[in-house]
Amino acid sequence: MLKKKNIILLTSFFLLTGVLIRLYFVLQSETPIKTVLNSRQIFNRSNPGLSPTPMPFSELTIDYLRTREYVSSLGSLNQLNDFADYTSYLTSFDSEGFKVNALMTRPKGLMPAGGWPAVIFIHGYIQPRQYSTSQNYYDYVDYLARNALAVFKIDLRGHGTSEGEPGGAYYNSDYIIDVLNAYSALGKADFINGNKIGLWGHSMAGNVVMRSLAAKPSIPAAVIWAGAVYTYTDLAEYGIDDNSYRPPENDSERQRRRRELFANYGQPAEGHAFWKLVAPTNYLSDLKGAVEIHHAVNDNVVDIGYSRNLSNLLKEAGIPAELHEYNSGGHNLTGPVFGKAMQRTVNFFLEYLK
């Protein structure tokens, strides 16, 4: 009996070793990520009695984000402003038990059959305590709202008076979870067409948008302004130079977790296979929607190289994508180019959310 037990244990050990070796070489190759996930599924089905050690920081991976459930609903709508083309409201939604505040705009006029097309608007880096739900990005929201699009500008947890801690974009999944919970909440509103919801993101939210698309490939349209960090190795190549950024204290939980993350897997540029499971660019072939990118050549915060590289990768994957470059406007695309960039953004959403 003991001999038989030992044989079973030995067989299981060799099976586990073989699969892990296969996973290693698959991750080191250019084989699509789907092959990796299928290998894991095959192993789990073949060895239901075994409990492999959980992968540290697996919550950062696209696979984890895809398997989560996102269930939320809108809070009460409290009117803020009433304009000729739309009405704005302060509202909120639930994300992992946190109340996250948001600005909601509802177009006036005859509502299309099935509800209004909508855009979830995701802000870039702003010092969390200085963030204002109603004031930041006012002109951007107003332009979209005046063009028959409902806009849901979400705070992200820990910003302004929203509950939770701001975890940052690139090495944390909290903001992606917030976006996908916002997607769930907005889709249930009786004046929104749940099949016609797109994403708009600026700066750090470029990463949030692309990871959200990878986690929910059915999203029909996304627009990114001056975004950053897609392949994760691009961060070492292009960097970010944001003088407004205030890093968390060294003894904070966020910094402690980041040190632990890098101790496990090194920096993305060092090539550990883990980062391939985090980078949204490894999942582009699954996307069902279209992506439009805007970036100024004179952006001195986020290098335009991020956008050029992402645009090339999207096109190589067969995704409808367009990059608009501007000679001026800086990181926020302000000044004379603002109207042109906003109108292109509106036209894109009206085309792909029609």
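Adding 5 to a residue's 1-based position in the sequence shown gives its number in our numbering.
The beta-carbon is built from N, C-alpha and C at its ideal position, and this holds for glycine as well.
Just so it is clear, the structure is predicted and the values come from calculations on it, not from any experiment.
1) Suppose the cutoff is 6 Å on Cβ atoms and the five residues either side in sequence are ignored; what does the same chain contact list for THR238 look like?
2) Rounded to whole angstroms, how far is the Cβ of SER3 from the Cβ of ASP99, which I believe are closer than 8 Å?
3) For GLU290, which residues of its own chain have a beta-carbon under 6 Å away from its beta-carbon, when the five flanking residues on both sides are left out?
4) For LEU112 and GLY163, what's the separation of their Cα atoms in angstroms?
5) When the cut-off is 8 Å and only beta carbons count, does LYS320 lie next to chain D?
6) For ASP90, count neighbouring Cβ atoms within 10 angstroms of its own Cβ and tell me buried if that reaches 16, exposed if not.
7) Could you have a look at GLN84 and say whether DSSP puts it in helix, strand or coil?
8) What does a CB cutoff of less than 8 Å around THR36 pick up in its chain, not counting 5 residues either side in sequence?
9) Quick check on DSSP: helix, strand or coil for ILE224?
10) Can you list the beta strand (DSSP E) stretches of 3 or more residues lying completely in the region 317–348, in chain order?
11) Which whole-angstrom value describes the C-beta separation of ILE125 and LEU282, a residue pair presumed to lie in contact below a C-beta threshold of 8 Å?
12) With a cut-off of 8 Å, do at least 3 Cβ pairs link the region 213–233 to the region 174–187?
13) Assuming ALA346 and TYR357 make a contact with CB atoms under 8 Å, what is their CB distance in whole Å?
14) Run through DSSP, which three-state label would THR350 get?
15) Look at the alpha carbon of TYR94 and the alpha carbon of THR110, and state the distance between them as a whole number of angstroms.
16) Should SER208 be labelled buried (16 or more other beta-carbon atoms within 10 Å of its own) or exposed?
17) Can you list the beta strand (DSSP E) stretches of 3 or more residues lying completely in the region 74–125, in chain order?
18) Quick one: grab the DSSP three-state call for ILE67.
19) So is SER257 buried or exposed if we call it buried at 16+ other beta carbons inside 10 Å?
20) What is the rounded straight-line gap between the Cα of GLY310 and the Cα of SER333?
21) Which partner residues does HIS207 have in the DSSP bridge list?
22) For TYR143, does the count of other Cβ atoms within 10 angstroms reach 16, so buried, or fall short, so exposed?
The answer reads as follows:
1) Residue mapping note: residue 238 aligns to position 233 of the sequence shown, counting from 1. Same-chain partners within the cutoff: PRO273, ALA274.
2) This structure gives no information on residue 3, because the portion of the chain shown stretches from 6 to 359.
3) Counting from 1 along the sequence shown, the entry for residue 290 is found at position 285. Just to set this straight, residue 290 is Ser in the shown sequence, not Glu. Shown here for SER290: same chain residues with a beta carbon closer than 6 Å to its own, the five before and five after excluded, namely ALA322 in chain order.
4) For this step, residue 112 is matched to residue 107 along the sequence shown. For this step, residue 163 is matched to residue 158 along the sequence shown. The question names Leu, but residue 112 in the sequence shown is Pro. Straight-line spacing of the CA atoms in PRO112 and GLY163 works out to 29 Å.
5) No chain D appears in this structure, which consists of one protein chain only.
6) By 1-based counting over the sequence shown, the position of residue 90 is 85. Classification of ASP90: exposed, given that the 10 Å Cβ count is below 16.
7) For the purposes of this step, residue 84 is taken as residue 79 along the sequence shown, with counting starting at 1. It is a strand residue.
8) As a first step, residue 36 is located in the sequence shown; it is residue number 31 there, counting from the start. For THR36, the predicted structure reports a pLDDT of 41, less than 50, and the residue's modelled location is therefore unreliable. The matter cannot be settled from this model.
9) For the purposes of this step, residue 224 is identified with residue 219 of the sequence shown, where counting begins at 1. In the structure shown, ILE224 sits in coil (DSSP, three-state: anything other than H, G, I, E or B).
10) Secondary structure in the region 317–348: the beta strand (DSSP E) runs of 3 residues or longer, each lying completely within the stretch, are 326–331 in chain order.
11) Taking the sequence shown and counting its residues from 1, one reaches residue 125 at position 120. Taking the sequence shown and counting its residues from 1, one reaches residue 282 at position 277. Rounded to whole angstroms, the Cβ separation of ILE125 and LEU282 is 25 Å, and the two are not in contact under 8 Å.
12) Enough Cβ pairs lie closer than 8 Å, so yes.
13) Residue mapping note: residue 346 aligns to position 341 of the sequence shown, counting from 1. Residue mapping note: residue 357 aligns to position 352 of the sequence shown, counting from 1. Wrong, their Cβ atoms sit about 17 Å apart, outside the cutoff.
14) Within the sequence shown, residue 350 is the residue found at index 345, counting from 1. Note: THR350 maps to helix in three-state DSSP.
15) Along the sequence shown, read from residue 1 onward, the residue named residue 94 stands at position 89. Along the sequence shown, read from residue 1 onward, the residue named residue 110 stands at position 105. For TYR94 and THR110, the gap between their C-alpha atoms comes out near 6 Å.
16) Start at 1 with the first residue of the sequence shown, and residue 208 comes out as number 203. Buried, because 16 or more other Cβ atoms sit within 10 Å of the Cβ of SER208.
17) Entirely contained in the region 74–125, the beta strand (DSSP E) runs reaching 3 residues are, in chain order, 83–87, 91–100, 103–112.
18) Position 62 of the sequence shown, counted from the start, is the residue given in the question as residue 67. Reduced to three states, the DSSP call for ILE67 is helix.
19) What you label residue 257 is simply residue 252 of the sequence shown in a count that begins at 1. Exposed: under 16 other Cβ atoms inside 10 Å.
20) To locate residue 310, count along the sequence shown from 1; it is residue 305. To locate residue 333, count along the sequence shown from 1; it is residue 328. GLY310 and SER333 have their C-alpha atoms spaced approximately 16 Å apart.
21) Here residue 207 refers to the residue found at position 202 when the sequence shown is read from its first residue. Partner(s): TRP230.
22) In the sequence shown, residue 143 corresponds to position 138, counting from 1. By the neighbour-count rule (16 or more Cβ atoms within 10 Å), TYR143 is not buried but exposed.
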